[in-house]
Structures are given as structure tokens and as C-alpha cells.
Amino acid sequence: MTETFGKGHYLHLIDGSAFIFRAYHALPPLTRKSDGLPIGAVSGFCNMLQRYIDGNNGSDAPTHVAVIFDKGSHTFRNEMYDQYKANREAMPEDLRPQIPLTRRATEAFNIACEEIEGYEADDIIATLAVQARARGGRCTIISSDKDLMQLVGDGVDMLDAMKNKVIDREGVHEKFGVYPERVVDVQALAGDSVDNVPGAPGIGIKTAALLINEYGDLETLLERANEIKQPKRRETLIQHADQIRLSKKLVMLDADTPLDFTLEDLEVRAPDPGKLMAFLAEMEFRTLSKRIADTLHVDPPVIDDTPPSAPDAPKVDDLPFDPEAYVHVSDAEALQVWIDRIHERGYVAVDTETTGLNEMTADLVGISLAVEPGQACYIPLIHKASSSDDLFGSDDLAEGQMPLAQALEMLKPVLEDASILKIGQNMKYDAKIFARIGIAVAPIDDTMLMSYAMHGGLHGHGMDTLSERYLHHSPIPIKPLLGSGKSAITFDKVPLDKAVRYAAEDADVTLRLWQMFKPQLHRAQVTRVYERLERPMVPVLAEMERTGIKVDRDTLSRMSNAFSQKMAALEDEIHTLAGRKFNVGSPKQLGEILFDEMGLEGGKKGKTGAYATGADVLEDLATEHELPARILDWRQLSKLKSTYTDALQDHINPDTGRVHTSYSIAGASTGRLASTDPNLQNIPIRSEEGRRIREAFVAEDGKVLVALDYSQIELRILAHIADLPALKQAFADGQDIHAMTASEMFDVPLDEMTPDIRRQAKAINFGVIYGISGFGLARNLRIPRAQAQGFIDRYFERFPGIRTYMDDTKAFAKEHGFVQTLFGRRIHTPNINAKGPHAGFAQRAAINAPIQGTAADVIRRAMVRMPDATRGIPARMLLQVHDELLFEVDKGAAEDLIGVARDVMENAADPVVKLDVKLTVDAGQGANWAEAH
DNA sequence: GACATCACG
DNA sequence: GACGTACGTGATGTCC
């Protein structure tokens, strides 16, 4: 039973970031022996935690303790002052991957580990210290950070752990010349070069303290500044009064940070030796684990830290796959053995088998686990008994299965344990299956996403592809087990012996891939891409997909009927014009009628020998004949009906009344998402008739849909990457970018701009993003090729950065075999050195990839930050359409959401990339998607 | 299952 | 000098 924090209780607050940086700088750059992961700071951090614990079990031991971390580098202080901490150096590359490990270390030591997005650790510490004091308890802050000294006094003190020196009120006075309640006044005057707090120029701590002690406090000092005798000092204070007041706001800690935990949650907990040893073993800390094992009176873990013999041929490759070695787990005792092994290891590969491919409707059938190569099991849960004489199968469960509920009860703590890493191949699928039965799987690794980060553009990232390529093993195909067509069965009907071999192998393959990929991420320099842009998308997208969007069936159904009628009428008209009946939907038949029977000019046969009858061809013909125009009309309706108004109705989930798409994270080579089943990223908008389909995408009663989209994000990124001053200036001035391009290219003043000239410039702008060619532009604008080439030449002349960018990008791709986004995502270009027509394709793709890919990275960053940023707002993120996010939000909170979400989106590049062009986001809201846009 | 077509950014 | 050509996706219908 937890007691309310109050008198007699004693809280320790450890400044986690200070520990980390001290540990990092105190130790040489150690790496984990088996795979080269940098590990020095984690080692130092663990040592410091252990020393802290050893030193704090005496009579004055704390009753409550927490390690507090910073989270996110953008805080409310950046809102007040954009230069806050601006000259702070970037985190060293080999420290970055160690940060999450220090959090895991804290948890492994069974010490509360807290952080709040958008707040500095100092603010959380201030909040907790003030709360502890208010409740009559005591608090010691373990840090030597002078910014925290304002909190000291009345039951709160600080401990400099390095010097083992307590800092009380007198200690603060020693440092600042004033007592804690005036510390912020002194800091406001003196400023702080480390945090880039300006203060008053020329005034340091000594002078500041002198002034504050003379006048009492900062406000009085500023009001009476004209009384100061020294002329220079007087002028400085008068002149910089605003800057000083701002500085005070920057240094003043926020003791009202919203917390998602309470003081009671921080009660000191007994160590969990198993968890701690597993973590230390994973980190391969020999000495430290022995020392800690001694103090805990347990056996130290056995650490196998033999490095792989050759970097690119790890030994996981050598162990043959043996389906007979896989274990069929059929009862709680057997499962417990596996769970114990998982705890020893600290990680496990997990795979789920289900009744289908749609995570929203498929049911869990069984779970497979793997803890080391070749050692995997399958836990069948609801397989049906097979009976040869019953064609429809039996509802009876097969023998040899433990109860579903019991298995889940045992596995849930493991799957949710923050100190055990769950490894999967396409984890979003499994996470959604588990989420539906109340299990929140975390933390995770995903081999599909690791491959995507390292090999994007080289090949697909499905398990079979990866296994064949990297393990030289073809997994058992699923087809023979399930059959195909009408006689196909679901996995719960697969006999257990076969199911074990198939399912356990998947977990085995996943674990082997993980062991191979994990150390390679660092070498390929894509750790940050994987950890910041790929892996965090899994929970975000899983949540969006599970939420779905409400679609009104009646609206779609009415539109389908209207389309049917119009199509029937058009069909009659078309047959009359053609002189005979034919299948209007057949391009082949249409081509024969147009070019053979009617003898129209301009018939061109493609590589298959059929006439081309695409929209561009028909549009040209439409100026002379009526038939092509009617065909175009019919095709538009046919498209809308079959792909949208009909098909979408079939995708409405009967349980939720909503449509749940699935996003593939690793589908598009550039980093974009792709949406399938159904594709909700290509819902019509360009034509008026199509746009009305968006009226069927609605908000629930009492809510509205909010759409936020980046304005011209790819052109802005182009302006930054290719360094185009004219374009940057135009964006800075908020100009119409296509009109500005037109003005620049055709020497037409902006106030004389015509829509047609602007349209041409717009086509050129897009052409540049796509790796322009004279031919392509000529075809798009329907102008002579020579004229199009003239436009391009002129564009290069007016924006010389473009040519440089294109040449540099092609050269980079040829040299390295990949191109990169601003955030380090690599897109491989295997065909870049090809000869013949392939070469052109590859070059244009290489030019486009960094632009499209950077835009994709930006919105990914925004999406990853969105859940924390919008916490407390009754809103849910529903869809992403490349440069747009769609939310559903309570009516009263729409403006709140727009404010917060826009801020996240516009600043999504910070702090990794400082764009020369600001990103702007347009917002709209309404009862349906058409209105919101 | 390949191909053509067309919806989106 | 000729080749072909805007970048990235997914779903549908026809035809073999």
C-alpha cells in the first residue's frame, strides 16, 4: 500500500543528463565487444548509479528517488527566445545511441525514470522539489547545476555528487553572493554563455550580486537604474532592461510542469537482480556485473562477448536451420522456461500467427518466440482440431494447446517490460494484433525497418527477401500450408506439427536478421534514421490505423447510383458515335475503333502492339471528334465508381463503422509512406466531381475534421538544398512562388502576370523537382521541344544553383551508389551507372529522391512528436497524405489543436536541420474532409 | 499476372 | 548520333 508523500519522507532527484555527460567525458570511448556499439557513457552511468546506491542505504536514506531526463530539445524557452541554447554543440555521434540505454539502465536498477516532452529536466526537478517541500517532506537534488540553486532552502538542498559536497543556502550565497530567492535576479543580469542567456553585457555574477544586494531585487533595480553612479553600468541597465527581463524568464524554472506521475510513484523500490543482471550482461559489463552481483548476493551473469570473426560474415550465418529443433510449447511450465530465458537475455524475437492479413479483423492464432539462433518455439493457442470426414472443419480445439488467456497473462508482462526488447519483422502488424487484446508491446526493434534504413532502394524488405539475401536460407513458404483460391484455409486450421515448423522458423529468421543488422546500422551510419524516423513510426501508425476514419456509406451509395446512370447514358452515346457496340472499358477495342475503323490520325502503338488511348491522347483527339471526349467522361466516372464509391463501402469495418487503411513504412524508396487496403492517399480532389467523394469522409457527432498541409514543401526544400537565393527570398516574403518564377523567367512584372504564364512556370518548377528534360516539359506543356528546352536553359541561367545541385547529386550517386536526405536517410541508386535508357531514369530518380525524401522525413518527425505535443487535447491523428495530416477533434478544441499541430509541423526539421526557408502550414476544419481541406 | 489507365502528392 | 524521357505511389479492369 502506498503512503501519501508527506512529513518524514525524503526525496532524491538525480539530474540524469548531468550524469550522462559526466560519464561520457570521464571514460574513454569504450565499445561493446561483440558488435562495436559505443557503450562508454552507459558504463560510467551505471557505475555512478551503483555508487549512488551504495552511498545511500544508511540512516539518512531517501524514501523516494527518481532520475530525471531531458526530453526533446525544443521547449517553451525556445518560444520566448529562439536563441536559447542555440550555441550549444551538437551531441557527439557516439553518445547519441547511448542516451536511450541510460534510461534502460535506470529502469534496470529499478529506479524511477522520468521525462516530459518539451520540458527540461530542470523544470521537472523544480516541480517535484516544490511539491515535496509543500507536503512537508525533504528533498535533495543530486546535481551541481547552478540553474537549480534557486530551489535551495526550506527542506531542499543540493548535493554535488563528484565533490560529495552539500549545497545549502550558505553554499548558494557563496556561489552567487545572494540567497536562493534572488539567484534568478543575479542570473538575469549576469547571463549565461552556456545556455546563451544574454543578460546585461559587461555584468558578471559579482557585479550583479552587488547591485541586487544594494537595491533589493531586480525590478527595483531596473526601475531605479538611473540612480546608479557608474555611468557605463547605468546605461547598460537602462538600455538592456527588456533583454534582462527576458533573461530572467529564461533562467526561472517552471515549478508547474504538468506531470504524468506523482511523488508516490517515486517510492524507493527493492532492486530486481534478474532484470539488472540481464541488462548488464546485454551491455557486456564484466567487472561491473560481478561487483553488483556481489553486493546483491547473486551469481554474476555469463557474458559471451566474442566478437564476430569477420565483420560482414557473422557466425549467425553458419548455424544451419533445423526445423526439428523448434519447440512446441503446450503448457504453462514449458512457457515459463522460455520466459525465464527471455529475462536472462533481455530480448526476444516475437512473431504472431493470425487468421488473416488484415490486423483489424484477424484473430491471434499462436505466438512464436526466439531467444538465440536456432532456438525458437511456437505456442499454438486456438488451432482447430482436424477431422478428415468433416469438410467444414471442427470447432473443437486441437490437443496440445494451453489456454489463450493463460498464455497472454504470462506473456503480457514480458511484452510490456521496458527492459526487454521485443524484436519483430514488420512489428506494426504484431503490435496491432496485441493492442487489440490489451497488450502494449514496447520497446521494440524491427528488422524490416533496419533493412529499410540500410538498404532502401536496393531491394524489398519482406522476410523472405531478407532471409534469402542475408541468411542464404529460403523460409518455408506459407502457400502449401494454406492452399490458395477457394480451398484456402486459415492458419488456425494448419496441423500443429507443420505450424510449429513454419511459425518458429519466422521468429528464428527474425532473430538472426536482427543479430546481423544491429551492429551494421552504426557502420552504415543510419542509426539515427532508424531510431528517429523509422522505429518511432510503428506505434504512431498503429494507433492511427486502429482509429480509422468514419465514412458515410449512404453518401457513397448515392453517388455510386448517380454514376451508374450517367455512365449508362454515356455508353449509349458512345456506341452511337462509334457505330457499333463494344466494351468501353477496353483500351484495346477502343484503339481499334478510333484508329482503324474511324481512321483518326495520331494512332501510336506501344511496345505490346496496342494503340495508346491514355487521357493525353484522347484529349488531343477531342478537339476534332466527340467520341474521345465522351470516352474521357465515361472513364472519369468509371474510375470514381469502381475505385472509390463502390470499393470504399466494402472497406467500412462493421464493428467500428470506420475505414482502416494500412500504411507501409518501408514501401516507398524515398521515405514516403504508402497507404493500402484501401489507399487513402489518392482520394480524388482535383476534379469537382471527384472532390465530392471527400464529403463521405466525416467527423463523428460533436467533432470536426482538421486538415493541416505543408505549403510547397518540396520547392522550399529545393530552395534550401540547391541554395537558390531568389526562391528563398520569395518564400521569406510570402510571395506566390510560381508567379515569382514566371516573372523572373519571362521578364513579366508581377502585376502583369497572366494565368497562362504562371501555369507554365508552375510546370517548370515541378519539372525541376522531377529532374527536368526538354522532352518531358514539352509534352506536359504541349509546346515544341525546342521551346521547352529554351525555358529550361533560361531557368538554369536565372537559378544557377539548380544545375550545380543536379550535377553534384548525379556525381555523388555515381560515386557512392546512393543519395541522401538532409536527415541522413540513404536512398540507393543501383542503376545510376547503367547504360542506355535506364540511365536517364536512374538519374532523375536520384535528383528527385533527396527532395521528396527530405519532405518525407520532415513530416515523419512531425508525426512522431505529435502524440506528446497534443497530449491533453481531445484529438486523434487519422491520416497522412505525404504533406498533409488529418485529425479528428472535439469541436471546442479545434483551434487549440491547429495551434499546437501547426507548431509541431512548422518546426519539425529543428533542431537537426536548420532550413534556410521557413516551413508554413495551412489549416482548415469542417464536418467532412472536403470542408476541412 | 502483365499491362494500361488514372487517382493522389 | 540515337535512344527514350518528367518523381513517387496503389487499385482497377481487360486480356491472355
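Under my numbering, the first residue of the first sequence is numbered 13, with each subsequent residue one higher. From the three backbone atoms N, C-alpha and C, an ideal C-beta is built for every residue, glycine too.
Compute the beta-carbon to beta-carbon distance between residue i and residue j, rounded to the nearest angstrom, for a pair I have assumed lies under 8 Å.
{"i": "tryptophan 941", "j": "leucine 717", "result": "6 Å"}
{"i": "threonine 269", "j": "aspartate 135", "result": "5 Å"}
{"i": "valine 360", "j": "isoleucine 432", "result": "7 Å"}
{"i": "aspartate 375", "j": "aspartate 518", "result": "No, aspartate 375 and aspartate 518 are not in contact; Cβ-Cβ is about 18 Å, not under 8 Å."}
{"i": "aspartate 284", "j": "asparagine 176", "result": "With 8 Å as the limit, aspartate 284 and asparagine 176 do not qualify as a contact, their Cβ atoms being about 28 Å apart."}
{"i": "leucine 606", "j": "glycine 615", "result": "7 Å"}
{"i": "alanine 516", "j": "proline 392", "result": "Not confirmed; about 11 Å, so no contact."}
{"i": "threonine 248", "j": "isoleucine 215", "result": "7 Å"}
{"i": "leucine 692", "j": "leucine 891", "result": "6 Å"}
{"i": "alanine 443", "j": "proline 312", "result": "That belief does not hold up - the Cβ atoms of alanine 443 and proline 312 are roughly 34 Å apart, past 8 Å."}
Cα separation between residue i and residue j?
{"i": "asparagine 68", "j": "serine 723", "result": "56 Å"}
{"i": "leucine 308", "j": "histidine 24", "result": "22 Å"}
{"i": "arginine 357", "j": "valine 383", "result": "7 Å"}
{"i": "serine 486", "j": "histidine 840", "result": "25 Å"}
{"i": "isoleucine 26", "j": "asparagine 438", "result": "37 Å"}
{"i": "valine 629", "j": "asparagine 694", "result": "23 Å"}
{"i": "aspartate 805", "j": "glutamate 756", "result": "13 Å"}
{"i": "alanine 397", "j": "aspartate 407", "result": "7 Å"}
{"i": "glutamine 537", "j": "arginine 116", "result": "23 Å"}
{"i": "asparagine 845", "j": "lysine 822", "result": "10 Å"}
{"i": "isoleucine 947", "j": "valine 916", "result": "Past the boundaries of the shown model lies residue 947; the chain is included only from 13 to 945, so the question cannot be answered."}
{"i": "alanine 120", "j": "glycine 130", "result": "25 Å"}
{"i": "leucine 736", "j": "alanine 857", "result": "21 Å"}
{"i": "alanine 388", "j": "alanine 337", "result": "8 Å"}
{"i": "glycine 20", "j": "leucine 278", "result": "15 Å"}
{"i": "threonine 932", "j": "alanine 874", "result": "13 Å"}
Based on the DSSP output, what are the partners of residue i in its beta bridges?
{"i": "aspartate 363", "result": "Ser380"}
{"i": "serine 674", "result": "Thr688"}
{"i": "glutamate 126", "result": "Ile80"}
{"i": "methionine 170", "result": "Ile153 and Ile179"}
{"i": "leucine 523", "result": "Looking at the DSSP assignment, leucine 523 forms no beta bridge with any residue, so it has no partner."}
{"i": "glutamate 900", "result": "Leu717 and Arg888"}
Using 9 Å as the threshold, is the C-beta distance between residue i and residue j below it?
{"i": "leucine 292", "j": "cysteine 125", "result": "no"}
{"i": "serine 29", "j": "aspartate 106", "result": "no"}
{"i": "glycine 165", "j": "glutamate 186", "result": "no"}
{"i": "leucine 275", "j": "leucine 163", "result": "no"}
{"i": "valine 506", "j": "leucine 493", "result": "yes"}
{"i": "leucine 223", "j": "arginine 257", "result": "no"}
{"i": "alanine 798", "j": "lysine 930", "result": "no"}
{"i": "alanine 913", "j": "arginine 684", "result": "no"}
{"i": "arginine 706", "j": "proline 690", "result": "no"}
{"i": "alanine 237", "j": "alanine 220", "result": "no"}
Who are the near neighbours of residue i in its chain, counting only those whose CB is closer than 6 Å to its CB and skipping five residues on each side?
{"i": "alanine 708", "result": "Val563, Asp564, Thr567 and Leu568"}
{"i": "glycine 167", "result": "Arg145 and Arg150"}
{"i": "glycine 679", "result": "Ala686"}
{"i": "aspartate 721", "result": "Asp895, Glu896 and Asp934"}
{"i": "threonine 118", "result": "Val79 and Cys125"}
{"i": "histidine 587", "result": "Lys593"}
{"i": "proline 531", "result": "Asp47 and Gly48"}
{"i": "serine 155", "result": "Asp27 and Ala30"}
{"i": "arginine 100", "result": "none"}
{"i": "glutamate 132", "result": "Asp82 and Thr87"}
{"i": "glutamate 345", "result": "none"}
{"i": "lysine 97", "result": "Asp207 and Asn208"}
{"i": "glutamate 585", "result": "Arg642"}
I'd like the list of long-range same chain contacts for residue i, defined as Cβ closer than 7 Å, with 5 residues on each side in sequence excluded.
{"i": "glutamate 546", "result": "Leu461, Tyr464, Ala465 and Ile677"}
{"i": "lysine 617", "result": "Tyr623"}
{"i": "threonine 367", "result": "Ala374, Asp375, Val377, Thr502, Phe503 and Asp504"}
{"i": "alanine 800", "result": "Gly786, Leu789, Ala790 and Leu793"}
{"i": "histidine 750", "result": "Arg770, Ala773, Lys774 and Asn777"}
In chain order, what residues of the same chain have a beta carbon less than 8 Å from the beta carbon of residue i, not counting five sequence neighbours either side?
{"i": "alanine 905", "result": "Ile885, Pro886 and Ala887"}
{"i": "isoleucine 354", "result": "Val360, Leu381, Val383, Val426 and Ile432"}
{"i": "alanine 944", "result": "Val716, Leu717, Val718, Ala719, Leu898, Gly936, Gln937 and Gly938"}
Report yes if the C-beta of residue i is less than 8 Å from at least one heavy atom of the ligand GTP; otherwise report no.
{"i": "valine 339", "result": "As far as ligands go, the structure on display features none, and thus does not contain the ligand GTP."}
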